[in-house]
Amino acid sequence: MRQKPLKFAISSAIALVWAALCTMLAVPWARASSIQLPSGYVLWVIVGIALLPGDLMCAMFFSNLFNAKMHAIATPCREPVSVLICARNEQNCIFQTIRQVVQQDYDGRIDLLCVDNASSDGTRTEIQRAIRVLSSRRRSIRLLICNTPGKAYALNAGLAEIQTRYFITVDADTLLDKKAICKIMRRITSSGAGCVAGNLLVKDAASLTQKMQIYDYLISIAAVKRFQGSYASTLVAQGAFSAYETQAVRDAGGWRQCARADLYALATGPQFAI
């Protein structure tokens, strides 16, 4: 950990040099633009849209470059874990998502808690079908009902039923890599962290919006989470695939509903978690 502050300082210094260079190049353009536009507006555009984001992206890029190699964790993990899946009108993908969890290459017991969040389609029927077809001694599946629309309400309903030390949230449209749970459980049990964020990719991107989402994930999740995680300061663990210490989440009061119920699932295509 001694090298971490040094790497942060070096990447920040490089970013400041980059910002100074960009400022020098922007001055002539700012002066020329101020003839036609208000000076305050020109300053806001250059600093707020170009210089400041550029400085932050530069610091993040070099920090991730310096911290590119993550310590591999080879210690076996057989800790029982709960997987919380909240679904609202997800009849077309929920069964496949559950099957991906059941088929995980993980030696520990997995308890799936599937919360039907006031669905109006066949989501509940698909969960019940998964219970009949996919349940086993080491892969239990339970159906929970939350009649109040809103993902936070569904998550809290599942949280109240969790009996394991750790749990994992998986979105109903997220497909897990074969070793996804093994990797994330090794990380959270060995690090002592309260939560660990997984890595997400867009699967089978077809439309322009879905292809744009690939770059959004690379920047907002992969790059930013690596940057924050390098200094043990991750701010957000995405709900699509993250692991949590159960008691830590309960001590924090669970989740709060911060968006309309019909807006909480914004992904435009199926996700692939590793």
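FYI, in this note's numbering the residues of the sequence shown are 941 to 1214.
Ideal placement from N, C-alpha and C gives every residue a C-beta, glycine not left out.
Would you tell me roughly how many angstroms separate the C-alpha atoms of residue i and residue j, rounded to the nearest one?
| i | j | result |
| --- | --- | --- |
| C1017 | A1092 | 29 Å |
| L1115 | S1131 | 25 Å |
| G994 | V967 | 16 Å |
| L1052 | A1177 | 20 Å |
| R1126 | E1066 | 31 Å |
| A960 | W984 | 17 Å |
| N1029 | A1097 | 17 Å |
| L1084 | R1072 | 15 Å |
| I989 | R971 | 17 Å |
| G1194 | Y1184 | 11 Å |
| A1133 | I1154 | 27 Å |
| A1213 | L1140 | Unreliable positioning characterises A1213 in this predicted model, as indicated by a pLDDT of 46, which lies under 50. The coordinate reading is nonetheless provided below. So the two alpha carbons sit approximately 5 Å from each other. |
| I1159 | Y1106 | 28 Å |
| G1179 | V957 | 36 Å |
| L1175 | A1192 | 14 Å |
| Q1043 | R1077 | 13 Å |
| D1047 | L996 | 41 Å |
| T1063 | D1156 | 29 Å |
| L965 | A1112 | 48 Å |
| W969 | C1086 | 57 Å |
| L977 | K947 | 41 Å |
| K944 | T1186 | 29 Å |
| A1162 | R1082 | 32 Å |
| S979 | V987 | 12 Å |
| G1209 | A1172 | Any answer about G1209 is weak, because its pLDDT of 44 lies below 50 and its placement is not dependable; what the coordinates show is given next. If you take the alpha carbons of G1209 and A1172, they lie about 30 Å apart. |
| T1149 | C1054 | 29 Å |
Counting only the same chain and skipping the five closest in sequence on each side, list residues whose C-beta sits under 8 Å from that of residue i.
| i | result |
| --- | --- |
| R1039 | A1070, L1074 |
| V1164 | M1000 |
| R1166 | N1004, N1007 |
Among the options, whose alpha-carbon lies nearest the alpha-carbon of residue i?
| i | options | result |
| --- | --- | --- |
| R1190 | C1086, I1102, E1030 | I1102 |
| Q1068 | I1034, L946, G1134, R1049 | I1034 |
| S952 | R1082, L992, C1086 | L992 |
| V1023 | G1194, S1182, Q976 | S1182 |
| A1188 | I1124, A1180, L1099 | L1099 |
| G1138 | V957, I1159, I1108, A1192 | I1108 |
| S1170 | N1004, M964, L1148, A1180 | N1004 |
| F1002 | Q1168, D1113, I1081, T1015 | Q1168 |
| V1021 | T1104, L965, P978 | T1104 |
| G1090 | T1063, R1196, G980 | R1196 |
Ordered along the chain, which non-local residues of its own chain (more than five positions away) have a Cβ less than 6 Å from that of residue i?
| i | result |
| --- | --- |
| S974 | V982 |
| T1129 | C1017, E1019 |
| S1147 | none |
Apart from the five residues on each side of it in sequence, which residues of its chain come closer than 7 Å, Cβ to Cβ, to residue i?
| i | result |
| --- | --- |
| D1045 | K1118, K1119, C1122 |
| T963 | L991 |
| T1015 | R1126, S1130 |
So residue i packs on residue j, CB below 8 Å; how close in whole Å?
| i | j | result |
| --- | --- | --- |
| C998 | A949 | Actually they do not touch by this definition, with Cβ atoms about 14 Å apart. |
| Q1031 | D1061 | 5 Å |
| V1110 | V1041 | 7 Å |
| T1088 | A1058 | 7 Å |
| C1198 | L1095 | With a Cβ gap of about 12 Å, C1198 and L1095 do not count as contacting. |
| R1079 | I1050 | 5 Å |
Taking 9 Å as the threshold (beta carbon to beta carbon), is residue i in contact with chain C?
| i | result |
| --- | --- |
| A1094 | Here there is only one protein chain, and chain C is not present. |
### Query
Which ranges would you report for the beta strand (DSSP E) in the segment 1057-1091 if only whole runs of at least 3 residues count?
1079-1086
### Query
At which residue ranges does the segment 1115-1163 contain complete alpha helix (DSSP H) runs of 4 or more residues, listed in the order of the chain?
1120-1131, 1148-1157
#### Entry: Whole beta strand (DSSP E) elements within the segment 971-1034, 3-residue minimum
1021-1027
### Query
Taking only runs of the beta strand (DSSP E) that begin and end inside the segment 1163-1203, which ones reach a length of at least 3 residues, in chain order?
1181-1185
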